[in-house]
Amino acid sequence: MNADLKKADVYDGLRQKQITAWMDLRNKAAHGDYQSYDEHQVRMFIDGVRDFMLKYSA
Numbered sequence: 006m007n008a009d010l011k012k013a014d015v016y017d018g019l020r021q022k023q024i025t026a027w028m029d030l031r032n033k034a035a036h037g038d039y040q041s042y043d044e045h046q047v048r049m050f051i052d053g054v055r056d057f058m059l060k061y062s063a
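Residue numbering for the sequence shown follows this note's numbering, beginning at 6 and increasing consecutively.
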């Protein structure tokens with residue numbers, strides 16, 4: 006879906022890469038790979054998703 010939204014010009018390539026990074030962090034957390042990220046990255050993830058939801062609300 007991320008690639009489709011970028012392709013439809015809903016957002017640009019930079020936003021697509023950010024979302025891909027968020028997906029990676031989420032997958033690491035879901036699979037217990039806790040040493041792969043830190044609290045600061047989690048805070049940036051949460052803030053970024055909140056910002057995304059405000060900007061691209063349906």
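Note that the Cβ used here is the ideal one computed from N, Cα and C, for glycine as well. Since we're looking at a predicted model, the values are computed, not measured.
Rounded Cβ spacing between residue i and residue j (contact assumed at less than 8 Å)
i	j	result
Tyr39	Leu30	That pair is no contact at about 11 Å.
Of the residues the options, the one placed nearest residue i, counting alpha carbons only
i	options	result
Val54	Glu44, Arg20 and Val15	Arg20
Met58	Ala35, Ala13, Asp14 and Ile24	Ile24
Ser62	Val15, Ala34 and Ala8	Val15
Spatial distance of residue i from residue j (CA atoms)
i	j	result
Asp17	Asp56	15 Å
Met49	Ala34	14 Å
Met6	Lys22	13 Å
Lys11	Lys60	15 Å
Asn32	Ala13	25 Å
Met28	Asp52	14 Å
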